[in-house]
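To start, the structure itself, in structure tokens.
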Amino acid sequence: MTHHFFARLLPLLLLSAGGAAGAAPQPPSASAASQTSAAASSAPAGAATPADFAAYRSCLAALRPEAGQRGVDLAVFDAQAATLAPDMAVVGLLDVQPEFKTPIWDYLAGLVDQERVDDGLAAMARWRDELARAQAQFGVDPATVAAVWGVESNFGRNLGGRPLLTSLSTLSCFGRRQAYFRGEFYATLKILQDEHVSRERLNGSWAGAFGQTQFMPSTYLRLAVDFDGDGRRDLVDSVPDALASTANFLKEAGWQPGLPWGFEVRLPTGLDTSGAGRRSKRPMSAWAAQGVMRVDGSPLPAGDTPAGLLLPAGPRGPAFLVTRNFDAIYSYNAAESYALAISHLSDRLRGGPAIAQPWPTDDPGLSRAERREVQALLAARGFDVGRPDGIIGTRTREALQTVQRELGLPADGRAGMRTLQALRAQPQAQPPSQPASPPPAAP
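Note that this note's numbering numbers the sequence shown so that position 91 is 102, with each residue one more than the last.
Below, the structure written as structure tokens:
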């Protein structure tokens with residue numbers, strides 16, 4: 012379990028751990044709470060029915076003794092719980108299945124584009140001294156810390172807008188993994204109680220990740236640090252605290268200073284890749300003996316550093332040898348695509364090149380700028396896709412499906428290069444052909 016796995020069930024996207032202490036009355040079970048689902052089906056998304064609300068209040072009352080056993084002041088619990096109401100929309104997000112699976116080339120095209128590289132370099136320049144101090148204290152280089160920041164919140168631009176107490180209390184009472192979310196709910200209450208962070212500033216993802224680098228509350232309590240010296244651990248409004256806390260997380264996850272996360276490699280023809288995987292590590296010298304070399308043709312580093320062969324798109328796509336530092340990044344969010352995005356973005360922030368080997372597709376993914384262009388072209392054709400923001404949501408996908416049918420493309424709702432090129436070539440919808448005028452009537 013990573014520190015915020017549930018915060019990232021989607022994009023493959025995407026994106027956590029708490030133990031029990033003592034016995035406490037059990038709140039309504041998932042099955043009991045789910046008995047309200049029939050009534051909820053007629054309510055607006057996210058709205059609680061009277062049955063939902065009654066089950067929620069009963070659940071909070073049952074959680075109160077355990078919260079006290081976990082170190083939450085019961086006066087704090089009572090004051091916060093009195094004003095809470097369930098958000099049933101987050102329950103649906105627990106089990107939602109992505110309508111459109113995200114290919115790795117789409118995932119990386121949006122997360123590691125030139126725009127994010129440029130923003131990252133600017134952020135690293137602005138916070139150079141703090142990143143250097145974090146490296147000196149925790150051993151994690153500035154580019155890696157900045158890459159996490161960039162992927163997690165776009166350098167502080169996207170922190171999430173759901174109130175943590177609302178989301179986590181709801182997930183503590185409805186759906187699966189209630190015990191896990193109760194631990195995060197209690198941790199959030201302890202943050203309010205002990206850390207001098209206001210409730211209004213504790214907003215984040217639907218699963219409870221928050222701050223510049225999206226920590227789960229229990230992770231905050233274990234690993235957040237005060238790096239700006241103001242006596243508070245503030246991951247929302249203090250960039251120094253967030254950057255240092257991220258470096259501390261990676262250090263505790265086993266980061267080894269001076270060791271690269273890995274690198275892209277070229278595989279010899281006929282290499283047996285059936286045992287590939289980041290866990291199946293072998294000495295670097297063993298890979299070299301099999302003819303593996305860096306993607307530019309240079310030899311692998313000498314020595315016996317353990318490395319695993321990562322093939323995120325299978326043997327026809329790019330290949331990487333990854334070290335224990337890749338595993339440390341992976342522990343931040345248990346998805347290899349995520350860890351590769353962080354790792355590759357860190358390389359780009361150091362001045363490294365893009366991935367050399369093409370992905371096995373004839374329809375590459377789009378950068379965020381290109382996705383915004385797709386949305387603008389759709390809007391020009393009369394589709395209401397909202398403000399072009401580069402986020403391919405439901406309205407954009409539905410518009411894409413319609414346009415793709417018109418253009419003779421697979422109507423999959425995916426924003427890929429072929430669709431963008433077709434829209435550029437034919438930016439406006441073609442007017443329907445007019446029937447020929449009938450011949451004039453005979454006199």
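Quick reminder that beta carbons are idealized off the backbone N, C-alpha and C, glycines included.
All values derive from a computational prediction rather than experimental measurement.
Paired residues, beta bridge with residue i - DSSP
| i | result |
| --- | --- |
| Leu332 | Phe274, Leu320 |
| Met304 | Arg277 |
| Phe185 | Answer is none; Phe185 lacks a bridge partner. |
Collapsed DSSP secondary structure at residue i in the structure displayed
| i | result |
| --- | --- |
| Phe226 | strand |
| Arg398 | coil |
| Phe196 | helix |
| Gly288 | strand |
| Arg81 | coil |
| Asn259 | helix |
| Gly242 | coil |
| Pro153 | helix |
| Arg359 | helix |
| Phe221 | strand |
| Pro326 | coil |
| Arg168 | coil |
| Gly215 | strand |
| Pro174 | strand |
| Pro294 | strand |
| Asp283 | coil |
| Val123 | coil |
| Ser342 | helix |
| Val236 | coil |
| Thr113 | coil |
| Asp315 | coil |
| Gly161 | helix |
Beta-carbon contacts of residue i that lie in its chain and below 8 Å, excluding the five residues immediately before and after
| i | result |
| --- | --- |
| Leu142 | Met135, Pro153, Val156, Ala157, Leu254 |
| Val250 | Trp138, Glu141, Gly167, Gln223 |
| Arg406 | Phe394, Asp395, Val396, Gly397 |
| Leu213 | Pro174, Leu175, Leu176, Thr199, Ile202, Leu203, Phe221, Val247 |
Contacting residues, own chain, Cβ-Cβ under 7 Å from residue i (five flanking each side not counted)
| i | result |
| --- | --- |
| Val83 | Tyr197, Leu200, Lys201, Gln204 |
| Leu234 | Ser256, Asn259, Phe260, Glu263 |
| Val123 | Ala352, His355, Leu356, Arg359 |
| Val159 | Thr224, Thr257, Tyr343, Ile353 |
| Leu311 | Met295, Trp298, Ala299, Val303, Met304, Arg305 |
| Ala350 | Phe337, Ile340, Tyr341 |
| Asp237 | Arg243, Arg244, Asp252 |
| Ala367 | Glu275, Val306 |
| Ala433 | Leu418, Leu420 |
| Glu206 | Arg243, Arg244 |
Cutoff 6 Å; reference residue i; Cβ partners in own chain excluding five residues on either side
| i | result |
| --- | --- |
| Ala258 | Ala145, Phe149, Val151, Val156 |
| Gly215 | Gly171, Leu175, Phe221 |
| Thr181 | Pro97, Asp98, Val101 |
| Leu232 | Ala198 |
| Gln437 | none |
| Met428 | Asp374, Pro375 |
Could you tell me whether the segment 57–64 touches the segment 89–103, using the rule of 3 or more Cβ pairs below 8 Å? yes
Do three or more CB pairs link the segment 368–377 to the segment 319–338 at distances below 8 Å? yes
Cβ contact (3+ pairs, closer than 8 Å) linking the segment 287–296 and the segment 310–318: yes
Of all the alpha helix (DSSP H) runs that stay within the bounds of the segment 371–427, which reach a length of 4 or more residues? 379–391, 405–418
Pairs of beta-carbons, one from the segment 265–273 and one from the segment 338–358, closer than 8 Å: are there three or more? yes
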